Structures are given as C-alpha cells and as structure tokens.
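A short write-up of the structure that comes next.
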Ligand code: ARG
Ligand code: ZN
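In the working numbering, the protein residues as written are 571 to 1107.
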C-alpha cells in the first residue's frame, strides 16, 4: 500500500475555530462514533510508499493529483495497482476475486502470536503470471498455488506471489502459511489505531476500517471483494472465540486447547470479519433471528443493559428496511476503553466500552449498518456516506418510532446546526470566520477526500441528505426507496450513482438535483421546509 492520493489539501484552519466547530459535533448526542471527537479530524496516511516496484508496475500517480485511473482488474498482473479505488489506489488487489477464505489459526496468549494457514479460493479474471495479496507484518513461511509451492515476495503490505506456471483464468487456490505477532502491524491510516489487531489483558480483538484485516490474515483487503469465511481458531482454555456468522462447533483437543469454528453464511468485506478472543459471557436474546451477545465479564449491569432492547430495535429496522439480511445478530462488547468507537462487524457488531457512552444510538447505528454497509456495501471509499449517512439516519428513524416525530426533528435540527455552523456561532465563534471555514472543516459527504472518510459530515450531512430526500419525496416513497435499496442490492456492492438512479426511479418528481447538492456542494444546502440555512446565507 502506498500513500493515498489526495485531490484535496490537508485540512488547514485556525485551530481554535476548528475545535469550536468540532466541539459542536461532540455535543451531538445522535452522532455516535466517528464524529464524536474534540480533536481535529483524523488525518489518514497509509504506510510509506513501497520502494521495490513489482515487475509490471504502472507509473505511480503524483501525490498532488487525484488518481483518475480506471479500475485495472482486466489487465494481466493488474493486481500490482490495487483494486481500483481512487481514494486508496494501492489498496486491495485486482485480477481476481476471492470466493472463500479458510483460516486455520492458533493464538498463543503466552507471547501474543498468531499462526497457521490461510487458504483462499479465488477466481482469476484473466491469466495471472503474478498476483498480490495484502498482508502487513507476520512472517510468511510458505505459499502454495493449486498445491504447488510458489515463490513470493514481501513489499510493504503486499504479498506478491509469482507461481511457476501462470494461473489460468478461472478458479484457483492459494495457501499461505504464516505466523507472527499481529499487534501493531496494520498499515497506518486504519481508523482504530496502529493495528486492526488489538491485544488486551483479556485476550484480543479486531477492529479496522477502512482496511486492516490484512494485519492478521492475507486477503484482498477491500470491500469490493466480498467473500465467505470459515475461521478455525485454536485457543487455550479459558479463552473462547467469537466471530462473524454461525458457530459450527467447538472441539476440545489435547492439552486443554479448544478449536472454535465459525462460518459466514453470506459474503463479507474483509474488514467486517469480527473476532473476539476472551472469556465471554454469552447472553441470548429472543428476536426475529437468533441473537447472542458476547459480553466481557468486567462490564457493569448498566453497560450490558444498553443492549436489552436490541430485539425490539431489530424488529423495528426490519419494518423500515425489509428482511434482516443475515441469519443471526449479536453484540461483541469489550471492556476496553479504546478505540473510542464501535464497528459494524458482520452479524456481530463490536463495541468498545468507551463507545457505550453514546447510548442506544450506537447500538442502533451498528445494527443498521448490517443492512447499509455489511449487506449493501460501497464499491469505493468515496461513497462511505452510503454506510455512515444511512446508519446515522437510522438512529433518527429509531428515535422517531420510539419517541416520536419531535425526536427526529430535534436530531435533524441539531445535526444541521453543526453542519451549517450555527451551533459554533451560538457558542461564540465569529460568524464570518465560521462561514469561511465551514467547507474546509466539513467537506461534502459525497466526496470527503481520502483523509476525511470519517469526517462528521459523512455521518451528519449524510443523514441530513436522506432527510432532505425524504422531505422531497414524501414519507411513503422514501420508505419504499430504503426498502428497495436494501433488497435490490442485498449482498452486493453499490455506488452513489446507483442510489441516485433508484431514488429517481421511485420519486414522483426529479430528485437528482437535490441529491447532488446535498452530497457535493461545498456547504450544506438550505433546508427550507424547516427554515434552516447555513451561517452566512
Ligand atoms: N464504521 C464505524 C461506525 O461508524 C466507524 C467508527 C468511526 N469511529 C471514529 N472514532 N472515527 O460504526
Ligand atoms: Zn457507522
């Protein structure tokens, strides 16, 4: 992975004002997670550019210009240039799609190491004389392609495999034997710290976005390549393993170890694979699908009580969005204070203890992501609002159903106050300065820039975009749109254009201009129905 190519200068603003604006976000109860921070937006940088160019590398793009290169998946050895995401040109790999990961791993708490094999069943889109997997850190002890040992190279976060015979177009298998300490290995820029693998005093867990699975298993670390996973994880007693999908079995083996086998029933983006190694208290709930929570034993009753209403929430979201896309749901709740966030890991959302401070909002938010993010998944990271805007609006929809329409309106007004700068002005910031700095601090959610994919705007203005659309379309058509979006693109990958097209099909009057303005204008557009306008307009 190389540095992301940014079309936008890093955010620069008077620090005092930035803090004032961002503090207004922190005060927003309906914005769990990302936006809730009192420090300037996270600046994402990936690992330093790799120095050894793979044999067929295309010219590298200048870091000052946005990449305009089309996806390169159809070209032999295309994998060298990533999967074709303009925000992160070297992320993921092209030339093939993974159908299934079979991970056979053992974790050793005495030294924190992980080791075993990853078996990938993939389909080459074209003949490949070499291809890449993503893997950061870890020692690779052997690679086989279709059963034959294959030479490999490590360059930065790329595992470059050059089989003796080119892989023909069609299905092929790769087995990677590896081991090491996965802590601290994830390329910089993953949101949740230096690593997606987080050891703690009770075991370990995984949280990484927009990438990070490659910090603990070799994969095509981009949501555009969703695959099934079968995870076998050997751990000593008393540790237990929680992951995405269904628990197929627990096998006790010699010496007091246990092997937990988890299997997904639907494909997932690699970063959506949950993993918690700990001493979980399992708590079943009666909901529309089997529900089991895995709670750290050190959590207080008040903390675990936050999840009591999950069955109701799930039922409500099913009413709003249509059938729940997976076969089970649950919460993996850690006693760790960091990261100060939760993650919508598939079928088993992961919550740090600190994220519980956001209350029921964060519980609904991660649940809603199962439809919008896990099932209906972005194709490139520019479209992150399709995850976060939808999950944020889902919090407001839940409040609307649970508390009443006033609660929804209050959230909309609050979010608008933050995005339009009125909240900062109310706290004493200079109106003119605010008006001037707004577009730098809150970029448009439809194109936030690679350094700002988790900017508060992606969440709040993303949610407001849906509300603006609803006001335009009317409740009935809007709710029809949400359902049909979730159904039509179930288990797939989508773009903002797909959404605009579907909205335009369903709406009685044209809505593409509204969506364009809300997603791409430098400053949040007015919302005349509620008498709202940004500071200075
Ligand atoms: N996808 C995660 C969520 O919103 C991202 C959390 C971002 N957290 C943060 N501190 N920026 O559920
Ligand atoms: Zn989210």
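Positions of the beta carbon are idealized from the N, C-alpha and C atoms, including for glycine.
These figures come from a predicted structure and were not determined experimentally.
Reference residue i; option with closest CA among the options
{"i": "residue 895", "options": "704, 1059 and 726", "result": "1059"}
{"i": "residue 1046", "options": "1056, 1027, 1077 and 1030", "result": "1077"}
{"i": "residue 950", "options": "594, 886 and 652", "result": "652"}
{"i": "residue 1051", "options": "935, 768, 919 and 890", "result": "890"}
{"i": "residue 739", "options": "685, 697, 690 and 1034", "result": "697"}
{"i": "residue 699", "options": "689, 722 and 684", "result": "722"}
{"i": "residue 1100", "options": "981, 998, 1001 and 848", "result": "981"}
{"i": "residue 1109", "options": "1002, 1065, 881 and 737", "result": "Because the chain in this structure spans residues 571 to 1107, residue 1109 falls outside the shown range and cannot be described."}
{"i": "residue 789", "options": "768, 813, 745 and 754", "result": "745"}
{"i": "residue 694", "options": "669, 785, 765 and 1049", "result": "669"}
{"i": "residue 851", "options": "812, 839 and 876", "result": "812"}
{"i": "residue 690", "options": "942, 840 and 856", "result": "840"}
{"i": "residue 808", "options": "765, 926, 731 and 772", "result": "772"}
{"i": "residue 816", "options": "899, 720 and 1016", "result": "899"}
{"i": "residue 680", "options": "806, 731, 824 and 777", "result": "806"}
{"i": "residue 662", "options": "685, 678, 714 and 726", "result": "726"}
{"i": "residue 1061", "options": "940, 883, 654 and 1067", "result": "940"}
{"i": "residue 1005", "options": "942, 1094 and 971", "result": "1094"}
{"i": "residue 908", "options": "777, 892 and 718", "result": "777"}
{"i": "residue 1020", "options": "975, 955 and 1067", "result": "955"}
{"i": "residue 979", "options": "810, 594, 1041 and 1001", "result": "1041"}
{"i": "residue 1067", "options": "1049, 1086, 1079 and 1080", "result": "1086"}
Separation of residue j from residue i, as counted between CA atoms
{"i": "residue 879", "j": "residue 973", "result": "14 Å"}
{"i": "residue 783", "j": "residue 953", "result": "20 Å"}
{"i": "residue 1098", "j": "residue 912", "result": "34 Å"}
{"i": "residue 673", "j": "residue 687", "result": "6 Å"}
{"i": "residue 1054", "j": "residue 819", "result": "36 Å"}
{"i": "residue 1092", "j": "residue 780", "result": "24 Å"}
{"i": "residue 834", "j": "residue 1007", "result": "45 Å"}
{"i": "residue 842", "j": "residue 1009", "result": "31 Å"}
{"i": "residue 967", "j": "residue 861", "result": "22 Å"}
{"i": "residue 916", "j": "residue 1107", "result": "42 Å"}
{"i": "residue 667", "j": "residue 984", "result": "43 Å"}
{"i": "residue 831", "j": "residue 802", "result": "4 Å"}
{"i": "residue 1075", "j": "residue 749", "result": "51 Å"}
{"i": "residue 580", "j": "residue 761", "result": "Because residue 580 carries a pLDDT of 30, less than 50, the predicted location of this residue cannot be relied on, and no value is offered for it."}
{"i": "residue 999", "j": "residue 1088", "result": "25 Å"}
{"i": "residue 919", "j": "residue 775", "result": "12 Å"}
{"i": "residue 752", "j": "residue 903", "result": "21 Å"}
{"i": "residue 770", "j": "residue 705", "result": "22 Å"}
{"i": "residue 945", "j": "residue 1105", "result": "37 Å"}
{"i": "residue 692", "j": "residue 792", "result": "15 Å"}
{"i": "residue 887", "j": "residue 856", "result": "15 Å"}
{"i": "residue 1072", "j": "residue 924", "result": "37 Å"}
{"i": "residue 709", "j": "residue 787", "result": "11 Å"}
{"i": "residue 963", "j": "residue 765", "result": "29 Å"}
{"i": "residue 1043", "j": "residue 957", "result": "21 Å"}
{"i": "residue 1056", "j": "residue 942", "result": "7 Å"}
{"i": "residue 654", "j": "residue 1001", "result": "41 Å"}
Cutoff 6 Å; reference residue i; Cβ partners in own chain excluding five residues on either side
{"i": "residue 728", "result": "702"}
{"i": "residue 1103", "result": "1096"}
{"i": "residue 716", "result": "742 and 743"}
{"i": "residue 591", "result": "994 and 1011"}
{"i": "residue 712", "result": "747"}
{"i": "residue 936", "result": "912, 914 and 919"}
{"i": "residue 854", "result": "862"}
{"i": "residue 885", "result": "858"}
{"i": "residue 1018", "result": "1025 and 1028"}
{"i": "residue 828", "result": "820 and 822"}
{"i": "residue 947", "result": "793, 839 and 1063"}
{"i": "residue 810", "result": "850"}
heavy atom of the ligand GTP below 8 Å from residue i C-beta
{"i": "residue 884", "result": "Ligands present in the displayed structure are limited to the ligand ARG and the ligand ZN, and the ligand GTP is not among them."}
Expected contact under 8 Å - CB spacing of residue i and residue j to nearest Å
{"i": "residue 797", "j": "residue 658", "result": "Incorrect: roughly 19 Å between the Cβ atoms, too far for contact."}
{"i": "residue 676", "j": "residue 800", "result": "Incorrect: roughly 15 Å between the Cβ atoms, too far for contact."}
{"i": "residue 1084", "j": "residue 1036", "result": "In fact, because the Cβ distance is near 11 Å, the residues do not count as touching under 8 Å."}
{"i": "residue 905", "j": "residue 871", "result": "At roughly 13 Å, the Cβ-Cβ gap does not stay under 8 Å, so residue 905 and residue 871 are not in contact."}
{"i": "residue 977", "j": "residue 969", "result": "4 Å"}
{"i": "residue 665", "j": "residue 785", "result": "That pair is no contact at about 22 Å."}
{"i": "residue 877", "j": "residue 901", "result": "5 Å"}
Beta-carbon contacts of residue i that lie in its chain and below 8 Å, excluding the five residues immediately before and after
{"i": "residue 1014", "result": "1027, 1031, 1089, 1090, 1091 and 1092"}
7 Å CB neighbourhood of residue i in its chain, flanking five on each side removed
{"i": "residue 682", "result": "751, 753 and 769"}
{"i": "residue 897", "result": "816, 835 and 859"}
{"i": "residue 730", "result": "624, 700, 702, 722 and 723"}
{"i": "residue 883", "result": "933, 934, 937 and 968"}
{"i": "residue 1033", "result": "959, 962, 963, 966 and 985"}
Open item on the list: Could you check whether the segment 1023-1040 touches the segment 984-1002, counting it as contact only if at least three pairs of C-beta atoms, one from each stretch, sit closer than 8 Å?
Closed with: yes
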